[in-house]
Amino acid sequence: MANPEDNQWQSSLDAIDLSAIEALKKLKLEQDVLDERLKAMEDLKGEVASAVYLRVREDYQKRQSSLDEQSRPLKQAARDQYARLRTLLARFEADHEAVKLDQQELELRHKLGEFDDKEFARRIKAIESAVKDKAEARARALELKARFLEAFHAESELEGETTPLPKGRVDSAATQQFSVLTPADLAVAEARTSEVPKVGGNEPPGRTQIMPVIDIPDPVPSAAGAATQIFRPARLIPQNPEAGKQTYPLALKPITLGAAAGCDVRIGGPGVDAKHAQISATMSGFTIVDMNTKHGTRVNAEKVRERTLRHDDVIQVGAARYVFREG
129 MANPEDNQWQ SSLDAIDLSA IEALKKLKLE QDVLDERLKA MEDLKGEVAS AVYLRVREDY
189 QKRQSSLDEQ SRPLKQAARD QYARLRTLLA RFEADHEAVK LDQQELELRH KLGEFDDKEF
249 ARRIKAIESA VKDKAEARAR ALELKARFLE AFHAESELEG ETTPLPKGRV DSAATQQFSV
309 LTPADLAVAE ARTSEVPKVG GNEPPGRTQI MPVIDIPDPV PSAAGAATQI FRPARLIPQN
369 PEAGKQTYPL ALKPITLGAA AGCDVRIGGP GVDAKHAQIS ATMSGFTIVD MNTKHGTRVN
429 AEKVRERTLR HDDVIQVGAA RYVFREG
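Read in order, the letters of the sequence shown correspond to residues 129 to 455 in this note's numbering.
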C-alpha cells in the first residue's frame with residue numbers, strides 16, 4: 129500500500145506546470161545562436177563593408193528583441209511555478225534533515241542501551257524507510273529544478289533578479305548615467321586624501337563625494353605562518369542518466385571531469401572534452417574551473433570559467449548534470 133505522505137509529495141510535484149519551460153528552452157536555443165553570431169561578427173567586422181556589418185547586426189538585434197518579447201510572459205509563468213517548486217524543495221530539505229536526525233538519535237539511544245537489538249532493528253527499519261522516501265522527494269524536486277535552469281541563462285534570472293545581458297545584446301529599456309570627474313575634482317581629491325569627510329556637510333547638491341583610501345592593516349599571520357583552512361567534505365550526485373549512478377566524494381585532492389579514461393569523473397556524449405573541468409578545494413570552498421572547452425561548463429545553467437560552488441548548485445558538462453552537495 130502506498131504511503132499517503134508519499135502520494136502527497138508526488139502530487140505536489142506533478143502539479144508543477146512545465147509547459148512554459150519547454151517553450152522557453154526552444155526560444156533560449158534561438159537566442160544563444162544569435163548571441164554566438166553577434167560575437168563571431170566582431171572577428172569578421174574588418175572583412176566586410178561597414179554598411180553590411182551594421183545591417184546584419186541590426187537584423188540580429190531585432191530578432192533578439194522579438195525573442196525577448198516572446199519570452200517575457202513565458203518567463204513570468206516559469207518564475208511563478210519555480211516559486212512553488214522552491215517552497216516544496218525547502219520543505220523536502222527540512223524533512224530529510226529532520227528524519228536523518230531521528231536516525232542518529234535512535235542509533236545513539238541504542239548504543240546507550242536504551243533498548244535491545246531486536247527493538248532497534250524494528251525501529252530503524254521504519255526510519256530508514258522514511259529516510260528513503262524523503263530522499264526521493266528531494267531528488268525529484270532537484271531534478272525539476274535542473275529542468276527549470278535549462279531554460280534560463282542564469283539562476284538569478286529565474287529568481288527574478290537582474291542578469292547581465294550577453295555581449296552584443298541591447299536593452300533599450302535601461303540606461304546608465306556616469307559622473308565624470310573634472311580636473312578640479314581630481315585636484316580636490318588629491319588634497320583631501322588625509323581628511324575624513326563629514327557626514328551632512330555643506331557640499332553642493334550633486335557634487336561627487338571623494339572618500340579617502342582607508343589604510344587597513346594586513347591580517348596578522350597565524351603561528352604556523354599561514355591561514356587555517358576549515359575543510360568541509362562534499363560530493364557530486366548524478367541527476368540524470370547521462371551522469372550515471374555513481375556519487376563522487378570531493379576531498380582535498382582535485383578531481384577532473386571529462387571524456388578521457390584518466391578522468392576521475394568520466395563523462396561520455398557530445399559536447400564533452402577529454403579533460404573538460406576540474407574541481408579543487410580552495411580557501412573559499414570547492415571551485416570548479418572549465419579547461420577552456422569549446423562548449424563550456426555550466427553551473428545553474430550559466431556558462432562559467434571559474435566558480436566557487438555552493439550547496440545544491442547544479443553542474444552540467446555536456447548533457448550530464450550533477451548536484452554539488454556539502455556535508
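Virtual Cβ for every residue (Gly too), placed ideally from N, Cα, C.
Quick one: give me the first and last residue of the alpha helix (DSSP H) that F220 is part of. As a working note, residue 220 is residue 92 in the sequence shown. Residues S178 to K239.
Count the other CB atoms, across all protein chains shown, that sit within 10 Å of the CB of R200; report buried if there are 16 or more and exposed otherwise. The residue labelled residue 200 in the question sits at position 72 within the sequence shown. Burial call: exposed.
Three-state secondary structure (DSSP) of G413: Position 285 of the sequence shown holds residue 413. Correct three-state label for G413: strand.
Beta-carbon separation (whole angstroms), Y181 vs R165, contact threshold 8 Å: Reading the sequence shown from its first residue, position 53 is the one you call residue 181. Reading the sequence shown from its first residue, position 37 is the one you call residue 165. So it is not a contact: roughly 12 Å between Cβ atoms.
Whole angstroms are fine: how far does the CA of L380 sit from the CA of E235? Looking up residue 235 in the sequence shown gives position 107. Looking up residue 380 in the sequence shown gives position 252. Roughly 30 Å separates the two Cα atoms.
Strand pairing of H431, partner residues [DSSP]: Your numbering for residue 431 matches position 303 in the sequence shown. The sequence shown places Lys at residue 431, not His. According to DSSP, K431 bridges with R426.
Please report the distance separating the alpha-carbon of A211 from that of L202. In the sequence shown, counting from the first residue as 1, residue 211 sits at position 83. In the sequence shown, counting from the first residue as 1, residue 202 sits at position 74. The alpha-carbon atoms of A211 and L202 are separated by roughly 14 Å.
Check this for me: beta carbons of E242 and R360, under 7 Å apart or not? Counting from 1 along the sequence shown, the entry for residue 242 is found at position 114. Counting from 1 along the sequence shown, the entry for residue 360 is found at position 232. No; because the gap between Cβ atoms is not below 7 Å, this pair is not in contact.
Using DSSP with H/G/I as helix, E/B as strand and the rest coil, what is D392? Position 264 of the sequence shown, counted from the first residue, corresponds to residue 392. DSSP places D392 in coil when its eight states are reduced to three.
Distance between D160 and E186 (C-alpha atoms, nearest Å): The residue labelled residue 186 in the question sits at position 58 within the sequence shown. The residue labelled residue 160 in the question sits at position 32 within the sequence shown. Rounded to the nearest angstrom, the two C-alpha atoms are 16 Å apart.
Use the C-beta contact count for T356: other C-beta atoms within 10 angstroms, 16 or more gives buried, fewer gives exposed. On the sequence shown, position 228 is the one that residue 356 refers to. Annotation note: pLDDT 47 at T356 (below 50); position unreliable, no value reported.
The beta strand (DSSP E) spanning R275 covers which residue range? Locating residue 275 in the sequence shown gives position 147, counting from the first residue. Taken as a continuous stretch (DSSP letters only), R275 belongs to no beta strand (DSSP E), being part of the alpha helix (DSSP H) at D245 to E278.
Distance, A265 Cα to Q190 Cα: Residue numbering aside, residue 190 sits at position 62 when the sequence shown is read from its first letter. Residue numbering aside, residue 265 sits at position 137 when the sequence shown is read from its first letter. The amino acid at residue 190 is misidentified as Gln; the sequence shows Lys. Near 43 Å, if we compare the C-alpha coordinates of A265 and K190.
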